[in-house]
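*Asks:*
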Amino acid sequence: MRSILVVNPKGGCGKTTLATNLASYYAVWGVPTALVDYDPQRSSLDWLEARPDKYEPITGIAGHAAKLHLPHGTKRVIYDVPSRSVVEKIVKMMTHADAVVIPVLPSPIDIRAAAQFIGEFVSKGHLRQRKKLIGFVANRVRENTIIYHELEKFLGGIDIPFVTTLRDTQNYVHAARRGAGIFEMGASRVEKDLEQWRPLINWIEGKRVSTR
Ligand SMILES: Nc1ncnc2c1ncn2[C@@H]1O[C@H](COP(=O)(O)OP(=O)(O)O)[C@@H](O)[C@H]1O
Ligand SMILES: [Mg+2]
Numbered sequence: 014m015r016s017i018l019v020v021n022p023k024g025g026c027g028k029t030t031l032a033t034n035l036a037s038y039y040a041v042w043g044v045p046t047a048l049v050d051y052d053p054q055r056s057s058l059d060w061l062e063a064r065p066d067k068y069e070p071i072t073g074i075a076g077h078a079a080k081l082h083l084p085h086g087t088k089r090v091i092y093d094v095p096s097r098s099v100v101e102k103i104v105k106m107m108t109h110a111d112a113v114v115i116p117v118l119p120s121p122i123d124i125r126a127a128a129q130f131i132g133e134f135v136s137k138g139h140l141r142q143r144k145k146l147i148g149f150v151a152n153r154v155r156e157n158t159i160i161y162h163e164l165e166k167f168l169g170g171i172d173i174p175f176v177t178t179l180r181d182t183q184n185y186v187h188a189a190r191r192g193a194g195i196f197e198m199g200a201s202r203v204e205k206d207l208e209q210w211r212p213l214i215n216w217i218e219g220k221r222v223s224t225r
């Protein structure tokens, strides 16, 4: 089993979008997948509720339950970690993670927030051991914009892998409305998006499964 955390204390950067699309990716491939929503706003669980039966099943779990009951045979667990989570809580959740994905938007506010989050992480001594787990994803990108180049420069300057860039497209919005992921949309429409997801999937799947 592998656990993948999607985190960033900043709201609106794409945590739920990444978590639900990752779950959809594994579901499409028939991998028994659970989606754990720690956010009181329950966006990931709402997405699952909108998901029609014709799609491959994903187990939805409210993360606030005292104990998580993952169905027997679950192979991938994706955690949608709420915005405004404090570093200590995130670090605690990371203890059992095989990969930690941090989406960041190309915006001055989001770049500053990410810098502050990573800065706090480093200053509290959390980065060293956990560095191998973490990867950045630039989300909602419009290439050839100054702010994207600033984000690229920021992510490139941190000693954490910059795994991929996802473009700003209504494909994510349409998929979310239908309780689907882009992996469940017409291939020609999402061709570019599938290409952008490939490095993220490879990065997650290439990780050594932690022994515990
Ligand atoms: N790559 C993208 N392209 C277009 N819209 C996106 C993209 N990623 C996220 N969004 C939209 O941005 C909004 C915030 O994303 P969301 O995943 O809910 O962020 P978070 O869970 O971090 O608060 C949502 O309306 C979502 O549909
Ligand atoms: Mg969310």
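Numbering (our numbering), first residue to last: 14 to 225. The beta-carbon is built from N, C-alpha and C at its ideal position, and this holds for glycine as well.
1) Tyr92 by DSSP, collapsed to three states: which one?
2) Closer than 8 Å is the cut-off here; do at least three beta carbon pairs connect the stretch 70-78 with the stretch 44-56?
3) Would you check if the distance between the CB atom of Glu163 and the CB atom of Ile124 is smaller than 8 Å?
4) Note the first and the last residue of the continuous beta strand (DSSP E) segment covering Ala112.
5) Alpha carbon to alpha carbon, how far is Lys28 from Ala188? Give it in angstroms, no decimals.
6) Do you know how far the Cα of Asp111 is from the Cα of Arg225?
7) If I measure Cβ to Cβ from Arg89 and keep anything under 6 Å in the same chain, skipping five residues before and after, which residues do I get?
8) Verify the contact flag: Ala189, CB atom, against every heavy atom of ligand 1, threshold strictly below 7 Å.
9) Let me confirm a value: Pro119 is counted as buried when at least 16 other C-beta atoms fall within 10 Å, else exposed. Which label applies?
10) Beta-carbon distances below 5 Å to any heavy atom of ligand 2 define the shell here; list its residues in chain order, please.
11) Using the three-state DSSP reduction, which class does Ser37 fall into: helix, strand or coil?
12) Looking only at its own chain, which residues have a Cβ that is under 6 Å from the Cβ of Arg153, when we skip the five neighbours before and after it?
13) Please classify Leu213 as buried or exposed, where buried requires at least 16 neighbouring CB atoms within 10 angstroms.
14) Which residues in the same chain have their Cβ closer than 6 Å to the Cβ of Ala36, if we skip the five residues on either side of it in sequence?
15) Around the Cβ of Val99, are there at least 16 other Cβ atoms within 10 angstroms (buried) or fewer (exposed)?
16) Kindly indicate which three-state DSSP category Arg15 falls into: helix, strand or coil?
17) Per DSSP, what kind of secondary structure is Gly138 in: helix, strand or coil?
18) Can you tell me whether DSSP reads Thr72 as helix, strand or coil?
19) In whole angstroms, give me the CA-to-CA distance for His85 and Glu208.
20) Ordered along the chain, which non-local residues of its own chain (more than five positions away) have a Cβ less than 7 Å from that of Leu61?
*Replies:* According to the structure shown:
1) The three-state reading of DSSP puts Tyr92 in strand, counting E and B together.
2) Contact holds: three or more Cβ-Cβ distances are below 8 Å.
3) Cβ distance < 8 Å, so Glu163 and Ile124 count as in contact.
4) First-last of the beta strand (DSSP E) with Ala112: Ala112 to Val117.
5) Cα-Cα distance, rounded: 15 Å.
6) Unreliable placement is indicated for Arg225, whose pLDDT of 37 sits below 50; the coordinate value is still reported in the next sentence. Here the C-alpha atom of Arg225 lies approximately 11 Å from the C-alpha atom of Asp111.
7) Hits under 6 Å: Arg15, Tyr39, Val44 and Thr46.
8) Ligand 1 approaches Ala189 closely enough that one of its heavy atoms is under 7 Å from the residue's Cβ.
9) With 16 or more neighbouring CB atoms inside 10 Å of its own CB, Pro119 falls in the buried class.
10) Those satisfying the condition are, in chain order, Lys28, Thr29 and Ser56.
11) Three-state result, Ser37: helix.
12) Cβ neighbours of Arg153 within its own chain (closer than 6 Å, five residues either side excluded): Leu118 and Asp181.
13) Burial of Leu213 is indicated by the presence of at least 16 other C-beta atoms within 10 angstroms of its C-beta.
14) Result list for Ala36: Thr46, Leu48, Ile71 and Ile91, in chain order.
15) Classification for Val99: exposed.
16) Residue state for Arg15 is assigned as strand, using DSSP reduced to three classes.
17) Three-state DSSP puts Gly138 in coil, outside helix and strand.
18) Residue state, collapsed to three classes: strand.
19) If I take the Cα positions, the gap works out to 32 Å.
20) Leu48, Ile71, Gly73 and Gly192.
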